[in-house]
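> Using numbering that gives the first Met the number 0, you'd call the opening residue of the sequence shown number 0 and step up by one each time.
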Amino acid sequence: MTRPPHRSNPGITVILSIAGFALVVIAVIILLQGFGLFTVIPDFVIWALVLLVLGLGILAGIRSLGD
């Protein structure tokens, strides 16, 4: 007997995409702070990055479900 191909849970896919983008953005911020390119990040920039990560993660998760 052959099994049908396994489909992943869409919610898990979207959450993992968001987490992946968040890790990349956090790593870039830490590197830029380490190089001294900026020392203080204003609150509105943090919120903009959070919204960007959420949006990109949702879009990437939805896009990967179509494959």
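For glycine and all other residues, C-beta sits at the position ideal for the given N, C-alpha and C.
In this text the structure is predicted, and so the values were computed from the model without any measurement.
Taking the CB atoms as reference points, tell me whether GLY60 and SER7 lie closer together than 8 angstroms.
No, the Cβ-Cβ distance between GLY60 and SER7 is not below 8 angstroms.
> Using the beta-carbon count (16 or more within 10 Å), is GLY65 buried or exposed?
So GLY65 ends up on the exposed side.
> Should VAL13 be labelled buried (16 or more other beta-carbon atoms within 10 Å of its own) or exposed?
Classification of VAL13: buried, given that the 10 Å Cβ count is 16 or more.
> Would DSSP call SER7 helix, strand or coil?
Looking at SER7 - three-state DSSP - the assignment turns out to be coil, as it is neither helix nor strand.
> Consult DSSP for VAL24 and reduce its assignment to one of helix, strand or coil.
Of the three classes helix, strand and coil, the one that applies to VAL24 here is helix, per DSSP.
> Just confirm the distance between the C-beta atoms of PHE37 and LEU30, as a whole number of angstroms; I'd bet it's less than 8 angstroms.
Contact doesn't hold; Cβ gap of about 11 angstroms is too wide.
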